[in-house]
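Okay, structure first, notes after.
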Amino acid sequence: MAVEFSQETLKRYDEIVRRYPQKEAAMLPVLYLAQKEFGYLSPEAIQYVAELMDLSPARVYGVVTFYTMFNMEPIGKYHIQVCRTLPCALVGAEKITALLKAKLGIQVGETTPDGKFTLSEVECLASCGTGPMMQVNDDYYENLTQEKVEEILRSLK
Ligand code: FES
-10 MAVEFSQETL KRYDEIVRRY PQKEAAMLPV LYLAQKEFGY LSPEAIQYVA ELMDLSPARV
50 YGVVTFYTMF NMEPIGKYHI QVCRTLPCAL VGAEKITALL KAKLGIQVGE TTPDGKFTLS
110 EVECLASCGT GPMMQVNDDY YENLTQEKVE EILRSLK
């Protein structure tokens, strides 16, 4: 399937690239833009970004696979990312993940059959003083407890 940016996204792409001395330096925001546009970064999307930025697909693929914020598979409507790095781990991140697994009936890396939730474990999200914490799409939820997690899940329609 051919993928390409909409006219509006192409305009946004031009604005981003103009801010950097070299095109390649804009790769992270451009990949983020591509993920927003396409939902996830398929091999076709990676190829498209590589062509747009005059880079090899392997170079783009290397960046995509390095960062947990990029998804190479379709994800659920709500992408729940639990921080598992030491400061969060010390205050119970594992229990939060176990609770989410039980509540959603999926393992880390999986999506619920209705396509609503994807569960991931990620490294530090720079909110270390308020762990355990998780990110759901663009929002942070901090100082998590079992009750809070249950309430958050109920609020996600
Ligand atoms: S260790 Fe969890 S946000 Fe930094």
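Using the numbering used here, the letters of the sequence shown correspond one by one to residues -10 to 146. Note that CB positions come from ideal geometry on N, CA and C, so glycine has one too. Please read all numbers here as calculations on a predicted model, not as lab measurements.
* Asked: Just the Cα atoms here: how many angstroms apart are Pro32 and Ser(-5)?
  -> By one-based count along the sequence shown, residue 32 stands at place 43. By one-based count along the sequence shown, residue -5 stands at place 6. Near 18 Å, if we compare the C-alpha coordinates of Ser(-5) and Pro32.
* Provide the residue span of the beta strand (DSSP E) that contains Ile69, from first to last. => To locate residue 69, count along the sequence shown from 1; it is residue 80. That run of the beta strand (DSSP E) goes 67 to 72.
* **Heavy atom of the ligand FES within 7 Å of Gly120 beta-carbon** => Along the sequence shown, read from residue 1 onward, the residue named residue 120 stands at position 131. Taking the Cβ of Gly120 as the reference point, at least one heavy atom of the ligand FES falls within a distance shorter than 7 Å.
* Asked: Quick one, which of Arg48, Tyr50, Gln96 has its alpha-carbon nearest Val71's?
  -> As a working note, residue 71 is residue 82 in the sequence shown. Here the closest residue by C-alpha is Gln96.
* Tell me, to the nearest whole angstrom, how far the beta carbon of Arg73 is from that of Glu131; I am working on the premise that it is less than 8 Å. => Locating residue 73 in the sequence shown gives position 84, counting from the first residue. Locating residue 131 in the sequence shown gives position 142, counting from the first residue. That belief does not hold up - the Cβ atoms of Arg73 and Glu131 are roughly 15 Å apart, past 8 Å.
* Can Gly65 and Lys105 be called in contact, C-beta distance under 8 Å? -> Position 76 of the sequence shown, counting from 1, holds the residue named residue 65. Position 116 of the sequence shown, counting from 1, holds the residue named residue 105. Taking 8 Å as the Cβ cut-off, Gly65 and Lys105 qualify as a contacting pair.
* Run the proximity test for Leu114: is its beta-carbon closer than 7 Å to any non-hydrogen atom belonging to the ligand FES? => Working through the sequence shown from its first residue, we reach residue 114 at position 125. Correct: Leu114 has its Cβ closer than 7 Å to the ligand FES.
* Would the beta-carbon of Pro18 be found less than 7 Å away from any heavy atom of the ligand FES? -> In the sequence shown, the residue the question calls residue 18 occupies position 29. Checking every heavy atom of the ligand FES against the Cβ of Pro18, none is found closer than 7 Å.
* Whole-number beta carbon distance between Leu20 and Phe59, since they are thought to touch under 8 Å -> The sequence position of residue 59 within the sequence shown is 70, counting from 1. The sequence position of residue 20 within the sequence shown is 31, counting from 1. That belief holds up - the Cβ atoms of Phe59 and Leu20 are roughly 6 Å apart, short of 8 Å.
* How many angstroms separate the CA atom of Lys0 from the CA atom of Glu83? -> In the sequence shown, counting from the first residue as 1, residue 0 sits at position 11. In the sequence shown, counting from the first residue as 1, residue 83 sits at position 94. One C-alpha to the other measures close to 42 Å.
* For Gln11, three-class secondary structure by DSSP -> Translated into the one-based positions of the sequence shown, residue 11 becomes position 22. Of the three classes helix, strand and coil, the one that applies to Gln11 here is coil, per DSSP.
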